[in-house]
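Q: Quick one: the structure is below, and I'll ask about it shortly.
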Amino acid sequence: MTNSLVDWFNTLPTAVLLLSALFGVGWLVLRAAGMRGIRPVALAPTISALILTADGLFQAAVGKPWGWIPVMVTTALLALAATTAKRLIDRWDPGILLMPEDQREGMTMRTDGGRAERRLFLTVLVFWAVTALPVILTIPPNAVSQSGDALYHYMQVAIIEREDYASMFNPNAGMFGLTSHAGFYPIVWHQVASLGAWSWRETLIANNVLLLAVALVWYLGLVYLARTALPKVRHAPYLALAASLLAPVFPWRLTYGAALWPYCMAVATCPAVIAMSIECWRRARTLMVVAAREQNTSVWGARARVAMALSAIIPFFVGSCLIHTSAAAMLLWPLFGILLCQAVHSGIRSWRTERRAQAAAWWIGALLAVVAFVAFVVLPGPQQHHFGRYTELDWSNLTTKLLIPITLDYFGGWAIEWIEMPLAALSLLGAAICLWRRRNWELVVAWIFSMSLILAAIAPIPVLSAFTGLFYRVPHRIKAMTAVLAVLLVVVALDALRTWLSPLGARAGSALRGALGRIGLASVSTAVLRAGAAVAALAVCLPIMLIGSRAVATDVREGYLPVHGDTRFIADKAELDMIRRLPDELPDNAVVIGDPVAGTGYIPILTGMRSVWVFPGQAADDQDGIYLRENFNRIHTDPHVCELLQRHGIHYFYADKDIVFNGNRLSKFRPGLYKVDTSSGFTLVDSGGSASLWRIDICG
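Take a look at the structure:
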């Protein structure tokens, strides 16, 4: 335990660079734009993503190397532009600051920036550090994730670090086998990790430290959203942190259990983007009210101010989407549901006031929106590349499938049910309270629409099941976007329970004060009551945290330290040690052929040497690679195999057992790399675990 903590502490220089790239770049620009308090910290990753992407594209276009220097120059220029724009806007629209306080909700980016903000920020940091302990105590910072997706991400970071090239349009050239094929991929994650890595050898450490930051981004966004969306709930940010313990599926479990790293970072930024959207909408709505009240206000000027207020969300939305394009669906799908319900409700209200034509317009607009959505999902077109993904679905185990969206179930056995059941009960209670009070109904609609996608990913629902193809029809991906909505509903429920139970608490407190007074301790009664409340809160939160921490630790172990027979197992310690020895045993220009999911994919990451495939992907134009993938085991009888090996300078073969990985036998996808006769024509170089490396002599 002590050694693990020391190892993680030694990554502090890497952590500083990573946090500077992830938070610092965007924070400087937002501070220059006038934001204060926790808001610019929560929103900073989206602006950092925007800046890193734009700078990477620009440097690639002009043929210059990408790294910290161009990033710092771009950040400084944008900070100067933000300061100038702020002064121009304040000069154009100074009246906002003169409005009454109760009319300025969401109107200005200013906060007191004082003790309350610092206390909230420090609380988030402490909470994040405590919840990170299951990870820190389970694996060292240089642990290797045994996931096919992780192989890609590791190599992408290493390529950016080596080549100083960071264009998202073709960042992965050379990663698809024996071809120069490259394709679009959002690389903000990999850009940040490369800025944190001192060299390509630090790829593992940089990725592992950045993984910890996913939860920090989410917690900062969560408290910002709770404070913004639930302004009438006292201590909403702190209640949200406590409520997040009931939904361990995100950020910790999905991040480490599924290795969806850029996706998880994009999800983590969504709460802050939603909070900013709410503030922009409130600002626009108040501006419209002010324009209607002031007779001398220019109509065009008022509309321009409203448009500017609403457009302020664009850079944050785009930044989130640049981290992973799925963020667009995560943010727009709940918004679509809210707008749809608002249109129907407006139509009903117009009908009741005898404005039949207006009511019909609202309803027809809502109907057309639904028709357009259905047509987009169903009709032929390039979007079918996503929506056309097929998975066999049925309505078996109906009760379980109906409970999964509410409980956000993510493995873990009976123990985790002690968390999932309270989450379901409190979420339903919070939704009922919102509808009963007719307040925060948008939250309920967004929650229901998100849950509908979870259900559509595990059961056949027309149109919606096809739409979940955006998430590869993996329900866990959608649970990540639903978690923040469920947490906010739990906050509403906890606030209501606090109100309902406060008379009992007041009576108990009064009785305790009386008892303390009778024994001469009246002066310490307040301190005793506060300590008792803290102990009671800790007694509730601690068991929940321990159960969640155990589940997280299990996910981390299975993802990084699996054993033979686990769902995801690529290599054990002996095999990884063998790979690390290869630079001492092979020439620098050696090229190794083998199954990337059997261990070969780690060779470039751990040694800097080259393997034919670095992750499970394959380009359709890689004819030579495809032929070897299918026919390498015919090397003794097929002369074309040797021709291809000599053409590409491949002189080494990585052999391993044919195992089942993620539910599929490896030889099903790369049959030519198994059942290879190495008894003649091959020379053993090294072995470790179930793997061995052979020099190919048969081809001369």
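Residue 702 in the numbering used here is what sits at position 56 of the sequence shown, and the numbering runs on without skipping anything. In this text, a Cβ means the ideal position worked out from N, Cα and C, and glycines have one as well. All of these numbers come straight from a predicted model, not from anything done at the bench.
1. Check whether the region 860 to 871 and the region 903 to 919 touch, using three or more Cβ-Cβ pairs below 8 Å as the test.
2. Could you tell me which residues DSSP pairs with D1332 in its beta bridges?
3. For A731, I'd like the list of residues in its chain whose CB is within less than 6 Å of its CB, leaving aside the five on either flank, ordered along the chain.
4. On the three-state DSSP scale, how would you describe V855?
5. Taking all protein chains shown into account, do 16 or more other C-beta atoms lie within 10 angstroms of the C-beta of N1043, making it buried, or fewer, making it exposed?
6. From W1009 to V990, what does the alpha carbon distance come to, in whole angstroms?
7. Can you tell me which of the three DSSP states N649 falls into?
8. Taking DSSP's pairing of strands, which residues face S1257 in a bridge?
9. Please work out which residues of its chain come closer than 6 Å, Cβ to Cβ, to E751, disregarding the five sequence neighbours upstream and downstream, and give them in chain order.
10. Considering only the alpha carbon of each residue, which of L981, T901, V1137, Q1030 lies closest to I924?
11. With a threshold of 16 other CB atoms inside 10 Å of the CB of I715, please say whether the residue is buried or exposed.
12. Can you tell me which of the three DSSP states V1109 falls into?
13. Cα-Cα, which of L876, S840, A1265, N1279 is closest to A1351?
14. For the putative contact between V860 and G842, defined by C-beta atoms under 8 Å, what is the C-beta separation to the nearest angstrom?
15. Would the beta-carbon of M908 fall within 8 Å of that of P832?
16. DSSP three-state label for R1196, please.
17. Run through the DSSP bridge pairs and tell me what R1311 is partnered with.
18. List the endpoints of the continuous alpha helix (DSSP H) containing Y884.
19. Look up A828 in the DSSP assignment and say whether it is helix, strand or coil.
20. Looking at C-alpha atoms only, which residue of A1132, W997, F1117, T999 is the closest neighbour of I1050?
21. If you follow the beta strand (DSSP E) that F1299 is part of, which residue opens it and which one closes it?
22. With distances taken from CA atoms, which of W712, D653, R880, Q837 is nearest A1142?
23. Pop quiz: M1224 and G1334 are said to be a contact at Cβ under 8 Å. What is the actual Cβ separation, rounded to whole angstroms?
24. Could you tell me which uninterrupted beta strand (DSSP E) segments, each at least 3 residues in length, are contained entirely in the region 786 to 846, listed from first to last along the chain?
25. Just the C-alpha distance for A1182 and K1047, rounded to the nearest angstrom, thanks.
26. Do L1054 and K1125 have their C-beta atoms within less than 8 Å of each other?
27. Quick one: what does DSSP say D1267 is sitting in, helix, strand or coil?
28. For L665, which residues in the same chain have their Cβ closer than 8 Å to its Cβ, ignoring the five residues on either side in sequence?
29. For G702 versus Q837, is the C-beta spacing smaller than 8 Å?
30. Does the CB of S972 have a neighbour CB from chain D at under 8 Å?
31. If you draw a straight line from the C-alpha of T692 to the C-alpha of H1032, how long is it?
32. The alpha helix (DSSP H) that contains C987, what's its start and end?
33. Given a cut-off of 8 Å on the beta-carbon distance, is the pair I969 and V1120 in contact?
34. Check S966 in the structure and name its three-state DSSP category.
35. Between the alpha carbons of W1087 and F1019, how many angstroms are there, rounded?
36. So A828 and N818 are supposed to be a Cβ contact under 8 Å. How far apart are they, rounded?
A: Once the coordinates are examined:
1. Three or more beta-carbon pairs drawn from the region 860 to 871 and the region 903 to 919 are found closer than 8 Å, and the two stretches are therefore classed as touching.
2. D1332 pairs with L1339.
3. Within its own chain, no residue has a Cβ closer than 6 Å to the Cβ of A731 once the five positions on either side in sequence are excluded.
4. V855 carries a helical assignment under DSSP once its states are collapsed to helix, strand and coil.
5. With fewer than 16 Cβ atoms within 10 Å of its Cβ, N1043 is classed as exposed.
6. Distance between the alpha carbons of W1009 and V990 is about 6 Å.
7. Assigned with DSSP and collapsed to three states, N649 falls in helix.
8. Beta-bridge pairing links S1257 to V1238.
9. Any reading at E751 is ruled out, since the residue's pLDDT is 43, under 50, leaving its predicted position unreliable.
10. For I924, the closest alpha carbon among the candidates L981, T901, V1137, Q1030 is that of L981.
11. Looking at its Cβ environment, which holds fewer than 16 other Cβ atoms inside 10 Å, I715 is exposed.
12. Secondary structure at V1109: coil, using DSSP grouped into helix, strand and coil.
13. The question about residue 1351 has no answer, for the chain in this structure spans 647 to 1346.
14. In fact, because the Cβ distance is near 14 Å, the residues do not count as touching under 8 Å.
15. For clarity, residue 908 is Pro in the given sequence; the question names Met instead. Contact flag set, yes.
16. Per DSSP, reduced to three states, the secondary structure at R1196 is helical.
17. Partner(s): V1306.
18. First-last of the alpha helix (DSSP H) with Y884: 882 to 889.
19. A828 falls in the coil class under three-state DSSP.
20. From the listed residues A1132, W997, F1117, T999, the smallest Cα separation to I1050 is found for A1132.
21. Counting along the chain, the beta strand (DSSP E) containing F1299 begins and ends at 1298 to 1301.
22. That would be R880, whose Cα lies nearest to the Cα of A1142.
23. Confirmed, Cβ separation roughly 3 Å.
24. Here no run is fully enclosed.
25. Here the alpha carbons of K1047 and A1182 stand approximately 35 Å from one another.
26. Yes, the pair counts as a contact, with Cβ atoms nearer than the cut-off.
27. Coil, per DSSP.
28. Within the same chain, Cβ atoms closer than 8 Å to the Cβ of L665 are found at A859, the five residues on either side in sequence being excluded.
29. In this structure, the beta-carbon distance from G702 to Q837 falls below 8 Å.
30. Checking the listed chains, one finds no chain D in this structure; it contains a single protein chain.
31. Rounded to the nearest whole angstrom, the CA to CA distance from T692 to H1032 is 25 Å.
32. Residue range 972 to 998 is occupied by the alpha helix (DSSP H) that includes C987.
33. For I969 and V1120, no; Cβs fall outside 8 Å.
34. For S966, the secondary structure class from DSSP, reduced to helix, strand or coil, is helix.
35. Spanning the two alpha carbons is a distance of roughly 23 Å.
36. Rounded, the Cβ-Cβ distance is 5 Å, consistent with contact.
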